[in-house]
Amino acid sequence: MGHISLSQVTKSFGDVNVIPPLDLEINEGEFVVFVGPSGCGKSTLLRLIAGLEDITSGHIAIDGQDATDVPPAKRGLAMVFQSYALYPHMSVRKNIAFPLRMAKLDKAEQDRKVEEAARVLNLTDYLDRRPGQLSGGQRQRVAIGRAIVREPSAFLFDEPLSNLDAALRVNMRLEISELHKQLATTMVYVTHDQVEAMTMADKIVVLRAGNIEQVGSPLELYRKPQNKFVAGFIGSPKMNFLTGKTAAAHGADTIGIRPEHLEVSRESGDWKGIVGVSEHLGSDTFFHVPVADSEAPLTVRVSGEVDLRRGEEIFVSPQLEHLHRFDAQGRAIG
Amino acid sequence: MARAISTKSKMFNTATAGTLGFLMFFPILWILILSFKTEEDAIRAPLEVLFSSDWTTESYGAVQARSDYFKHFMNSVTISVGSTLLGLLIAIPAAWAMAFVPAKRTKDVLMWMLSTKMLPPVGVLIPIYLIFRDFGLLDTRVGLTFVLMMINLPIIIWMLYTYFKEIPGEILEAARMDGATLREEVIYVLTPMAIPGMASTVLLNIILAWNEAFWSLQLTSSNAAPLTQFIASYSSPEGLFYAKLSAASIMAIAPILIMGWFSQKQLVRGLTFGAVK
Amino acid sequence: MATKASRSSARLMISPAVILLLGWMIIPLSMTIYFSFLRYNLLQPGSTPFAGWENYYWFFTDPSFSAAMVNTLVLVTGVLTITTIGGICFALLLDRPMFGQGIIRIMVIAPFFVMPTVSGLVWKNMFMNPVNGIFGRIAGALGMQPVDFFGQIPMASIILIVSWMWLPFATLILLTALQSLDQEQLEAAEMDGASWPNRFWFIMLPHMARAITVVILIQTIFLLSIFAEILVTTNGGPGVATTNLTYLIYVSSLLQYDVGIGSAGGVVAIILANIVAFFLMRMIGKNLDA
């Protein structure tokens, strides 16, 4: 259970084409993350799967059944919204029980499932509170609880962590991953944060302007981005790009090299530059080094506390096996 | 602003604002006092009224006996509550649709509805009067109820629209994902969330209808006359009977004064059409 | 969330309101316009011949018309001036920390809930009556000649009564606007060395500008139609001293039974109100997507 297949799906709002024809397979039990900059159509895609928007053309199948014209409630999917969308006038218990009540389950069964979900999500003490009395993280868990009691064939998450503060976000990320391991149910997760994508996904779908730029495991995308966009989007800090003569020397229009794949030397190396701003994180240090043929200063990662001072002249060299080469259209070469 | 405010300046503010507030409220307070006096006492000098005359409730009885206050009170209740509920019946579906299923022209429709409220009543006085005359609606509660419903309908729709608009769309989508049908969505999610807004709308519109004094003066005379018309009948000779006029006035404004105090916030929203938040 | 199924039911749900309002607007409006071109008096039954612009001619050349226009203008601007300036002062005052704020607020707002006929009669008799009214008594106690309000200064008296009723409205809206002002902005201005008058002029007033405009526009719409207060106090007199446009139309149509001339006046009133409404609607429209 939990196989979702999209074929030749398109979506237009009036004259604006948001999703061009798109094909995608989401396998049973997979944790799939849609990632891309804002306005790339990732939320729309999720809502099409949920049935909250009509698709303009194409087909959606869930578990082999055509679901294109099936109303949202009948698709067997559960969704966690960005704003959590809790019912403010109902207690936590009633919120979680709502889908069961709609499914006309008997009362005892409802209670049992709500208790069970509350136990899993550490909400037992809060069952009789209203959403307004809960913290952001607790509300998030209620929203998840409301989704899991239905035992859906797949979960849909629409940027669920974007309203939480940084520390809580890391926690919830782990909790959701843990939940996925426990339930082994398909999860489709939308985010604009590539860190969430990298840490949680089995499979990442990178979207830009409604187009799928690349599909693959986090490491595949990291190691072998198919184009400049994916290369720049995945990985933190961002990949450095160089053009002009420097790129031509490697037989490419543009070359890309990640901050962690650069070597620094005071004496010799490929590219010469002056140390600019440095950021010391303790474990790592990032130097910003302006060099020729790069619009922005290169970001260079060195481990620990390397003693380089602002204004010092240094040499930076790429690790050739980690060099990415792109043609004039931004496609990866080789 | 965590700043210590001196008690002295607070006292000063209280005194200034209190004096002005008292002056604004004084006319109402004064008729409240006069209504508990005899006619002879009510026209004495203010200080004498206050300190050297007896209190009595005879004026209240006299008002009811002379001009059947209760009938007009019931007319006011019927007409204001009736026009509000009738308006609600028509406005709820319209506001719901515009708030949750917005189309390209929703904004224009809403603006047009509001613009009908800007039509000066005197501009349509004659046709309405003639239509009422020909259909025998003059001085009937049905007729006035309908007119007041029509003039308040844009405000009702507008207020409900702004309240519905505040209910996040995601919540309704969540209900839909949770398997609620449209009917269940309305009963279990939308209605409980909309009830406070609907209550405010009802309150404000009852107040507006209760105090409406153009159409009620033009279209009713005795049978269907609400309190606005009833009081107007005190304008010439009876006006000299201060105690009775005061008692009648207090009875006409008291219910709405109390409701009004509860609806201050909604008043701003309802009367500015959301242009001030 | 807008799916095809909900679209059509939405249209169905709006239609009763649209049909009713459309009828309410178009039927009487077109009748008014139609009547305004007829020679039509309820006292002279029978034919109602087409009269061209005659009614408008009579309406405009009637000496009470120009008086009514001036009276309307004086009434509206008088009340607007008092309520706007008074409202700003009240709002600033009520926004300050004080004891018993709730009670004071309630006292200030109360007059708005008094029905127009009551406030007209109460002011006329209990306050402005030269013999028994409170103002007369005070003047007497001070050894002055009491003022005959409705005889000597009828329009000013009406303006006073109407202002008493609308000052709470202006106060309430301006106070709401003032309270939505970010306190940090004021603190920032204070750090920047702005004195209180400066903060008022450069921060608070611009912040309230929008609300002030709304107060003015909405009050204008209502003030153009002032009727009950005049009916129960002066009946438009003495002479035509307090006859405004609304009252003049009422007199010519329902007291003199001249439907034609009354309708011509109605058309004029509609055009006047529309000029104000145009600006008001633009302000509301701007706020609609926000």
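Protein chains in written order, with our numbering: chain H, 53 to 386; chain C, 1172 to 1448; chain U, 15 to 304.
Think of the CB as a built atom: it goes at the ideal place given N, C-alpha and C, for glycine as much as any other residue.
Worksheet item: Using the beta-carbon count (16 or more within 10 Å), is C/Phe1222 buried or exposed?
Response: Along the second sequence, one-based indexing puts residue 1222 of chain C at 51. Per the 10 Å Cβ criterion, exposed.
Item to complete: Check C/Trp1226 in the structure and name its three-state DSSP category.
Response: The count along the second sequence starts at 1 and reaches residue 1226 of chain C at position 55. C/Trp1226 falls in the coil class under three-state DSSP.
Discussion item. Please give me, in chain order, every unbroken run of the beta strand (DSSP E) with length at least 3 that falls completely inside the segment 295-351 of chain H.
Written reply: 306-309, 314-317, 323-326, 330-332, 336-341
Worksheet entry | chain U contact residues for C/Tyr1413, given Cβ-Cβ distances below 8 Å | Along the second sequence, read from residue 1 onward, the residue named residue 1413 of chain C stands at position 242. Near C/Tyr1413 (Cβ distances below 8 Å), the residues of chain U are Asn139, Met140, Asn146.
Practice prompt. Starting from the Cα of H/Val354, find the closest Cα among H/Thr251, H/Glu331, H/Met239 and give me that residue.
Written response: By one-based count along the first sequence, residue 354 of chain H stands at place 302. The candidate whose alpha carbon is nearest that of H/Val354 is H/Glu331.
Worksheet entry | Which listed residue (H/Val61, H/Pro89, H/Ala253) has its alpha carbon closest to that of H/Glu105 | Working through the first sequence from its first residue, we reach residue 105 of chain H at position 53. Considering only alpha carbons, the answer is H/Val61.
Worksheet entry | Limits of the alpha helix (DSSP H) - the one that C/Leu1256 falls within | Numbered from its first residue, the second sequence carries residue 1256 of chain C at position 85. It spans 1240-1271 - the alpha helix (DSSP H) in which C/Leu1256 sits, taken as one unbroken run.
Discussion item. Would H/Lys63 and H/Ile56 qualify as a contact pair, given that the criterion is a beta-carbon distance under 8 Å?
Written reply: For this step, residue 63 of chain H is matched to residue 11 along the first sequence. For this step, residue 56 of chain H is matched to residue 4 along the first sequence. No, Cβ-Cβ distance for H/Lys63 and H/Ile56 is not below 8 Å.
Item to complete: Kindly list, in the order they appear in chain U, the residues whose Cβ is closer than 8 Å to that of C/Ile1199.
Response: Working through the second sequence from its first residue, we reach residue 1199 of chain C at position 28. In chain order: Ala124, Pro125, Val128.
Fill in: Of the residues C/Ala1346, C/Ile1421, C/Ile1338, C/Arg1304, the one placed nearest C/Pro1367, counting alpha carbons only
Translated into positions along the second sequence, residue 1367 of chain C becomes position 196. Selected option, being the one with the closest Cα: C/Ile1338.
Discussion item. By the 7 Å beta-carbon criterion, what residues does the segment 237-260 of chain U contribute toward chain C?
Written reply: Leu238, Ser239, Phe241, Ala242, Leu245, Val246, Thr260
Worksheet item: To the nearest whole angstrom, what separates the beta carbons of C/Val1360 and C/Ala1370, a pair I think is in contact under 8 Å?
Response: By 1-based counting over the second sequence, the position of residue 1360 of chain C is 189. By 1-based counting over the second sequence, the position of residue 1370 of chain C is 199. About 18 Å separates the two Cβ atoms, so there is no contact after all.
Practice prompt. Can you grab the Cα-Cα spacing for the pair C/Ser1254 / C/Ile1263, in whole Å?
Written response: As a first step, residue 1254 of chain C must be located in the second sequence, where it is residue number 83. As a first step, residue 1263 of chain C must be located in the second sequence, where it is residue number 92. In a straight line, the C-alpha of C/Ser1254 is about 14 Å away from that of C/Ile1263.
Worksheet entry | Environment of H/Phe207 [buried if 16+ CB atoms lie within 10 Å] | In the first sequence, residue 207 of chain H corresponds to position 155, counting from 1. Counting Cβ neighbours within 10 Å, H/Phe207 comes out buried, since at least 16 surround it.
Practice prompt. Step through the CB atoms of chain U and report whether any lies within less than 8 Å of the CB of C/Gln1235.
Written response: Against the second sequence, residue 1235 of chain C aligns to sequence position 64. Taking Cβ atoms only, chain U never reaches closer than 8 Å to C/Gln1235, which makes this a no.
Fill in: Any chain H beta carbon closer than 8 Å to C/Ile1342
Against the second sequence, residue 1342 of chain C aligns to sequence position 171. With 8 Å as the cut-off, C/Ile1342 counts as an interface residue toward chain H.
Item to complete: Report yes if the CB atom of U/Ser239 is closer than 8 Å to the CB atom of C/Val1293, and no otherwise.
Response: Here residue 239 of chain U corresponds to residue number 225 of the third sequence, with the count starting at 1. Here residue 1293 of chain C corresponds to residue number 122 of the second sequence, with the count starting at 1. Yes, the pair counts as a contact, with Cβ atoms nearer than the cut-off.
Discussion item. Could you check whether the Cβ of U/Trp67 sits closer than 8 Å to any Cβ belonging to chain C?
Written reply: One-based indexing of the third sequence puts residue 67 of chain U at position 53. No, because no Cβ of chain C sits closer than 8 Å to the Cβ of U/Trp67.
Item to complete: Closer than 9 Å, Cβ to Cβ, to anything on chain H: give me those residues from the segment 1346-1373 of chain C, in chain order.
Response: Ala1346, Arg1347, Met1348, Asp1349, Gly1350, Ala1351, Thr1352, Glu1355, Tyr1359, Val1360, Pro1363, Met1364, Ile1366
Practice prompt. Whole angstroms is fine: what's the gap from U/Ala304's alpha carbon to U/Arg224's?
Written response: Here residue 304 of chain U corresponds to residue number 290 of the third sequence, with the count starting at 1. Here residue 224 of chain U corresponds to residue number 210 of the third sequence, with the count starting at 1. Residue confidence is low: U/Ala304 scores 44 on pLDDT, short of 50, so the model does not pin down where it sits. Its coordinate-derived value is still stated next. So the alpha carbons of these two residues sit roughly 14 Å apart.
Practice prompt. Round the Cβ separation of C/Leu1428 and U/Phe104 to the nearest angstrom and send it over; I've been treating them as touching at under 8 Å.
Written response: As a position in the second sequence, residue 1428 of chain C is number 257, starting the count at 1. As a position in the third sequence, residue 104 of chain U is number 90, starting the count at 1. With 8 Å as the limit, C/Leu1428 and U/Phe104 do not qualify as a contact, their Cβ atoms being about 19 Å apart.
Discussion item. Just checking: is the beta-carbon of C/Pro1273 within a distance shorter than 8 Å of some beta-carbon in chain H?
Written reply: Residue numbering aside, residue 1273 of chain C sits at position 102 when the second sequence is read from its first letter. Answer no: the Cβ-Cβ gap between C/Pro1273 and chain H never drops below 8 Å.
Discussion item. Rounded to the nearest angstrom, what separates H/Pro140 and H/Asn147 at their Cα positions?
Written reply: To locate residue 140 of chain H, count along the first sequence from 1; it is residue 88. To locate residue 147 of chain H, count along the first sequence from 1; it is residue 95. Going from the Cα of H/Pro140 to the Cα of H/Asn147 covers about 9 Å.
Worksheet item: Are any of the Cβ atoms in chain H nearer than 8 Å to that of C/Pro1339?
Response: As a position in the second sequence, residue 1339 of chain C is number 168, starting the count at 1. With 8 Å as the cut-off, C/Pro1339 counts as an interface residue toward chain H.
Discussion item. For the alpha helix (DSSP H) containing U/Leu238, name the first residue and the last one.
Written reply: The sequence position of residue 238 of chain U within the third sequence is 224, counting from 1. No alpha helix (DSSP H) holds U/Leu238; DSSP gives it neither H nor E.
Discussion item. Does any residue of chain U have a CB that is nearer than 8 Å to the CB of C/Trp1267?
Written reply: Within the second sequence, the letter at position 96 stands for residue 1267 of chain C. Yes - at least one Cβ of chain U is within 8 Å of the one on C/Trp1267.
Worksheet item: Under the rule that 16 or more other beta-carbon atoms within 10 Å means buried, what is H/Asp210, buried or exposed?
Response: Translated into positions along the first sequence, residue 210 of chain H becomes position 158. Flag for H/Asp210 reads buried.
Practice prompt. Check the Cβ-Cβ distances between H/Leu350 and every residue of chain C, and say whether any is below 8 Å.
Written response: Within the first sequence, the letter at position 298 stands for residue 350 of chain H. With 8 Å as the cut-off, H/Leu350 does not count as an interface residue toward chain C.
Practice prompt. Return helix, strand or coil for U/Pro182, following the three-state DSSP convention.
Written response: For this step, residue 182 of chain U is matched to residue 168 along the third sequence. Residue state, collapsed to three classes: helix.
Item to complete: For chain C, find out if any of its Cβ atoms is closer than 8 Å to the Cβ of H/Ser205; answer yes or no.
Response: Taking the first sequence and counting its residues from 1, the one referred to as residue 205 of chain H is at position 153. With 8 Å as the cut-off, H/Ser205 does not count as an interface residue toward chain C.
Item to complete: Verify the CB distance criterion: does H/Ser135 have a CB-CB separation below 8 Å to chain C?
Response: As a working mapping, residue 135 of chain H is identified with position 83 in the first sequence. With 8 Å as the cut-off, H/Ser135 counts as an interface residue toward chain C.
Fill in: Reduced DSSP category for H/Asp245 - H, G, I as helix; E, B as strand; rest coil
To locate residue 245 of chain H, count along the first sequence from 1; it is residue 193. Coil at H/Asp245, not helix or strand.
Discussion item. Three or more C-beta pairs under 8 Å: does that hold for the segment 252-266 of chain U against the segment 157-174 of chain U?
Written reply: yes
Worksheet item: Of the residues U/Leu186, U/Asp206, U/Ile175, which one's Cα is nearest the Cα of U/Val90?
Response: Mapped onto the third sequence, residue 90 of chain U falls at position 76. Looking at the Cα atoms, U/Ile175 is the closest of the given residues.
Worksheet item: With burial defined as no fewer than 16 other Cβ atoms inside 10 Å of the residue's Cβ, what is the status of H/Lys165: buried or exposed?
Response: Sequence index remark: in the first sequence, residue 165 of chain H carries index 113 (1-based). Buried, since its Cβ has 16 or more Cβ neighbours within 10 Å.
Item to complete: Select from C/Leu1375, C/Thr1399, C/Tyr1413 the residue whose C-alpha is nearest the C-alpha of C/Trp1386.
Response: By 1-based counting over the second sequence, the position of residue 1386 of chain C is 215. Answer by Cα proximity: C/Thr1399.
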